[in-house]
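Worksheet: the structure to be examined is printed underneath.
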Amino acid sequence: MPLLVANWKMHGTRAMALDYAFAVNAALEMAPASIECIFCPPFPYLAAAHSGLPQNARLELGAQDCAAGQEGAFTGAVSARMLADVGCSHVILGHSERRAMGETDAQVAAKAEAALEAGLTPILCVGETEAENAKGLTVQVLEKQLGFFKKLPAGRRMVAYEPVWAIGSGKTPKAEEIAAAHKQVKTALGSATPVLYGGSVKPSNLREILRVSGVDGVLIGGASRDSAEMKTMIELAGQTGKGQG
Ligand code: PGA
């Protein structure tokens, strides 16, 4: 820790993913051993990214979603077992962009079970909308979204607190709001559960965010797509002196 997760969303090409994995891993090799990084490109580029990495690469791979089952007649679905087979160690689940497409807590829970069964670490995204924030409902929203996650094995789960209104908007919560949300997650799941912050993280605010109490890393969308910016963020993370070892 700190852990930097690069979420490309539905962007990029195969060639870009290949070059990026190589370049970001090279930057990681120069960074303090405590810095961790997970690259989450779209499904079709995972195998390409994996092939661009050396054997003992420090850069890990994650997917942006997975199915609830491991195989079967589910046209268009990709299972956690398939993701593990192409080199993934993690999977982002319950991102607000997927919840906005109708994904429920129960579906996210089933996917998390499947991820664990396949040996992947689920990164559960939680966070309130702007309207919920305005009504002071953040605590209740997080409590509901975290509910099932409490039952999963402690060493094999991560959470990303991503206020929906901060994603892609350039807005970020105040440090004390981030600290309060992270404290709530750690109180619910145990202090050993890594909790990342996500929402408009970029080189200019990274260090400030990583210094907030309870922040073990960041989930980066837009600013993660450029390998030069990612390299800068890896260097900056190495300067925070947080969680050495
Ligand atoms: P952003 O996205 O960094 O572009 O705000 C973060 C996310 O959605 O994970």
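FYI, the numbering for the sequence shown is -4 to 240, going by this note's numbering.
Even glycine gets a Cβ: it sits at the ideal position worked out from N, Cα and C.
Quick caveat: nothing in here was measured; it's all calculated off a predicted structure.
- The beta-carbon separation of K226 and V19, rounded to 7 Å, stays under the 8 Å limit for a contact.
- Annotation for S199: the continuous alpha helix (DSSP H) segment containing it runs 198 to 205.
- Counting only residues of its own chain and dropping the five nearest sequence neighbours on each side, L147 has a CB closer than 7 Å to the CB of A107, L111.
- At a Cβ-Cβ threshold of 9 Å, A75 and V86 count as neighbours.
- For T235, the secondary structure class from DSSP, reduced to helix, strand or coil, is coil.
- Counting only residues of its own chain and dropping the five nearest sequence neighbours on each side, S219 has a CB closer than 6 Å to the CB of A1, M225.
- Residue side-chain check: A26 keeps its Cβ at 8 Å or more from all non-hydrogen atoms of ligand 1.
- A distance below 6 Å between beta-carbons, with the five flanking residues on each side excluded, links A155 to the following residues of its chain, in chain order: I118, C120, L191, G193, L214.
- For L(-1), the closest of T70, C61, D211 by C-alpha to C-alpha distance is D211.
- Take the alpha-carbon of I30 and the one of A16: they are about 16 Å apart.
- No residue range can be given for E66, since it is assigned to no beta strand (DSSP E) and is classified by DSSP as neither H nor E.
- With fewer than 16 other beta carbons inside 10 angstroms of its own, T99 counts as exposed.
- Counting only runs of 4+ residues, the alpha helix (DSSP H) found wholly inside the segment 97 to 129 occupies 100 to 112, 125 to 129, in chain order.
- The Cβ atoms of A232 and L205 sit closer than 9 Å to each other.
- Rounded to the nearest whole angstrom, the CA to CA distance from S208 to P189 is 12 Å.
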